[in-house]
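Numbering (our numbering), first residue to last: -12 to 103. Just so it is clear, CB atoms sit at the ideal spot from N, CA and C, and this is done for glycine as well.
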């Protein structure tokens, strides 16, 4: 299996992939969603707990990988909110390097109407 085929296979199903996620794809979104969803509980036990200071490096890394700003505070506890921009960027990279035929196929299988 070529690298391009493997990269497409690891995309979510709604992006035309098989949904086979690699650990390195989901590790950072899972960590960030976990830490933000536990924020209230931990700050109740530790008075000066600041989650943004705790994971500043991870937030910076996520911003570089996704090419966007972190989600709004109310949605930071949801893993999909962290993972979707990374999948979108991977999808865009695949489209950039695809032939016209492959690009048309990728756009077709990722359309809402494709039942994916």
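Going by C-alpha positions, residue 38 is about 11 Å away from residue 45. Counting along the chain, residue 53 sits inside the alpha helix (DSSP H) bounded by residues 43 to 53. In its chain, beyond the 5 residues on either side, no residue has a beta carbon closer than 8 Å to the beta carbon of residue 31. By the Cβ criterion, the stretch 52 to 66 is not in contact with the stretch -6 to 11, since fewer than three pairs of Cβ atoms, one from each stretch, lie closer than 8 Å. If you check the CB distance, residue 66 and residue 17 come in under 8 Å. The C-alpha of residue 64 is placed about 20 Å away from the C-alpha of residue 34. Using a Cβ distance threshold of 8 Å, residue 15 and residue 49 count as a contacting pair. Ranked by Cα distance from residue 26, the first of 13, 71, 62 is 62. Remark: C-beta atoms of residue 19 and residue 74 do not approach each other more closely than 8 Å.
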